[in-house]
Amino acid sequence: THFGYRTVDREDKEKLVASVFHSVAGRYDLMNDLMSMGVHRLWKRFTIEMSAVRTGQSVLDIAGGTGDLAMKFSEMVGPAGQVVLADINDSMLKVGRDKLTDHGVAGNTRYVQANAECLPFAENTFDLVTIAFGLRNVTDKDAAIRSMLRVLKPGGRLLILEFSKPRSSLLSKAYDAYSFTALPVMGKLVTNDSESYRYLAESIRMHPDQETLKGMMNEAGFVNTSYHNMTSGIVALHKGIKP
Ligand code: SAM
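Offset between the sequence shown (1-based) and the UniProt record's numbering: plus 9.
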């Protein structure tokens with residue numbers, strides 16, 4: 010174990026994560042709205058506000074999937090800026106690229122298949138790196154955080170939006186019950202795939218809590234790290250700066 014959570018066999022986890030997202034890609038956005046009852050839009054809106062992105066900047070959204078964040082960033086940076094939507098999974102990346110293209114996003118946005126653990130970009134490239142609901146799927150989270158630090162410019166910021174630990178134990182129990190019963194049932198109904206949603210519930214439970222993740226960011230070399238709980242800690246937004 011590492012930081013108190015179970016280490017899953019690396020190859021098994023990667024295969025599982027790949028099959029989950031190949032399987033759900035086409036219905037991913039619909040499932041997000043259903044499972045979070047639309048609240049994921051608010052979590053993402055807050056993340057966009059905290060990003061303080063300005064015109065002309067460079068942004069990497071890793072594990073960007075269907076591109077909700079990248080779409081906003083591409084408006085915010087304007088024609089002089091650049092956005093990279095990156096994901097390890099080509100099915101998710103394709104749904105994201107089609108969606109952004111349908112929304113008229115062009116020129117300033119690139120689509121790159123990449124693993125968060127070893128980002129294929131030069132050092133000091135981005136003003137902002139975001140990873141939303143992605144880190145818990147990554148096998149070596151410490152390597153991913155180091156890799157994100159490397160590609161940021163000095164003074165650049167990392168935002169990690171992820172499920173976290175609910176603040177009260179009552180809420181925690183209710184939430185566990187919801188994720189282990191309602192999520193697989195909804196998954197089955199909408200995607201005919203309850204296994205994928207069982208994996209998602211499990212991965213949420215195993216993800217490091219607020220303080221642990223903040224500690225991991227510090228250890229990687231980020232400074233001014235902090236986090237902001239949303240929906241009573243069901244989700245947290247972590248922030249850190251590259252010195
Ligand atoms: N960021 C999007 C959002 O918030 O809606 C998508 C989140 S989705 C739950 C998780 C994404 O992480 C999937 O698209 C998956 O392919 C991607 N992913 C999983 N492991 C990854 C890795 N090691 N590197 C990059 N992306 C990864």
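Beta carbons: idealized from backbone N, C-alpha and C, even for Gly.
Does residue i come out as helix, strand or coil in the three-state DSSP assignment?
i      : result
Ile57  : helix
Leu170 : strand
His112 : coil
Gly249 : strand
Met215 : helix
Val147 : coil
Gly164 : strand
Met239 : strand
Val62  : coil
Asp18  : coil
Assign residue i to buried or exposed, taking buried as 16 or more other Cβ atoms, counted over all protein chains shown, within 10 Å of its Cβ.
i      : result
Tyr187 : exposed
Ala62  : It should be pointed out that residue 62 corresponds to Val in this sequence rather than to Ala. Buried is the call here.
Asn41  : buried
Met46  : exposed
Thr75  : buried
Asp77  : buried
Pro88  : exposed
Pro193 : buried
Leu128 : buried
Lys182 : exposed
Asn146 : buried
Ala72  : buried
Is any heavy atom of the ligand SAM found at a distance shorter than 7 angstroms from the C-beta of residue i?
i      : result
Ala72  : yes
Asn117 : no
Ile97  : yes
Val92  : no
Gly196 : no
Asn41  : yes
Phe172 : no
Val86  : no
Below 8 angstroms on the Cβ atoms is my guess for residue i versus residue j; work out the distance and round it to an integer in Å.
i      : j      : result
Leu209 : Ile169 : Contact flag wrong, Cβ pair sits at about 17 angstroms.
Met195 : Phe55  : 24 angstroms between Cβ atoms; not a contact.
His112 : Met80  : 6 angstroms
Thr139 : Asp70  : 5 angstroms
For this session: Determine contact between the segment 153 to 160 and the segment 218 to 234, defined as no fewer than three beta-carbon pairs at a distance below 8 angstroms.
Result: Note that the segment 153 to 160 touches the segment 218 to 234; at least 3 beta-carbon pairs, one per stretch, sit closer than 8 angstroms.
Exercise. On the three-pair Cβ rule with 8 angstroms, is the segment 170 to 183 touching the segment 16 to 30?
Worked result: The segment 170 to 183, when compared against the segment 16 to 30, does not touch it at the 8 angstroms Cβ threshold.
For this session: Taking 8 angstroms as the threshold, find out whether the segment 113 to 121 comes into contact with the segment 84 to 100 through three or more Cβ pairs.
Result: Because the criterion of three Cβ pairs below 8 angstroms is met, the segment 113 to 121 and the segment 84 to 100 touch.
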